[in-house]
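Enquirer: Got a structure here, written out as structure tokens. Questions coming.
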Amino acid sequence: MSSVKRELEFVAVEIRPMHELDIPSVGATERSAYQFPWSEGIFRDCLRVGYVCRVIDVGGAMAGYGIMSVGAGEAHVLNVCVRDEFRCRGLARKLLLYLFERARAAGICEVFLEVRPSNAAAARLYQSLGFDQVGIRRGYYQATVGREDAAVLRRTLMPDAKPTALK
């Protein structure tokens with residue numbers, strides 16, 4: 113095990129609700145990770161409409177975030193991002209597993225997401241978590257030249273015995 117991963121084991125890792133005050137940090141993380149980032153207004157809208165918006169803190173530092181919509185019997189992971197200096201430490205996996213639990217607790221049995229085929233690291237993570245490709249959205253993503261397709265992925269969740277409200 114690398115010393116970086118070992119160090120992370122001794123630091124408090126917490127997944128908590130995203131707040132309005134987190135948006136500048138979330139926006140900065142988004143802008144540093146993506147060529148065509150979401151605006152801070154989009155994050156505010158996600159909070160306003162009640163999506164499952166979470167941040168993952170490592171030792172008190174905002175290390176990443178995840179956003180998921182839930183409705184019509186399914187969940188849709190809209191955005192997951194981990195700051196560059198915290199990548200390859202299992203935080204995206206931890207955040208996704210947390211989102212799956214939130215969906216499962218609400219009685220949801222399917223989770224969907226889109227991924228750029230050019231984002232091989234994300235595609236490998238999603239495949240390792242049990243996602244299967246179920247479609248393609250042509251020209252879904254803005255790209256440097258034209259548009260890029262999105263692979264539509266689905267993961268089936270085993271339902272909890274009794275659904276609860278999302279928290």
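Start counting the sequence shown at 113; every next residue gets the next number (my numbering). Glycine included, C-beta positions come from ideal geometry on N, C-alpha and C. From a predicted model like this one, the values you see are computed outputs, not experimental measurements.
With Val194 and Gly176 assumed to form a contact (beta carbons below 8 Å), what rounded beta-carbon distance in angstroms separates them?
Expert: About 4 Å; that satisfies the 8 Å criterion.
Enquirer: Alpha carbon to alpha carbon, how far is Leu190 from Leu208?
Expert: Taking the straight line joining both Cα atoms gives about 11 Å.
Enquirer: Note down the Cα distance separating Arg118 from Arg156, rounded to an integer number of angstroms.
Expert: Caution applies to Arg118, whose pLDDT of 49 falls short of 50 and renders its modelled position unreliable; the value that the coordinates give is listed next. Approximately 35 Å, taken between the alpha carbons.
Enquirer: May I ask whether a heavy atom of the ligand FAD can be found less than 7 Å away from the beta carbon of Tyr253?
Expert: Absence of the ligand FAD from the depicted structure is noted, as is the absence of any ligand whatsoever, leaving it without description.
Enquirer: According to DSSP, is Ala184 part of a helix, a strand, or is it coil?
Expert: If DSSP states are grouped into helix, strand and coil, Ala184 belongs with coil.
Enquirer: Helix, strand or coil: which one does DSSP assign to Cys158?
Expert: Helix.
Enquirer: What are the partner residues of Val189, as DSSP defines its beta bridges?
Expert: In DSSP, Val189 forms a bridge with Met180.
Enquirer: Please specify which runs of the alpha helix (DSSP H), each continuous and at least 4 residues long, are wholly inside the segment 210-272, giving them in chain order.
Expert: Correct list: 232-240.
Enquirer: Tell me Pro129's beta-bridge partners as DSSP assigns them.
Expert: Looking at the DSSP assignment, Pro129 forms a beta bridge with Arg166.
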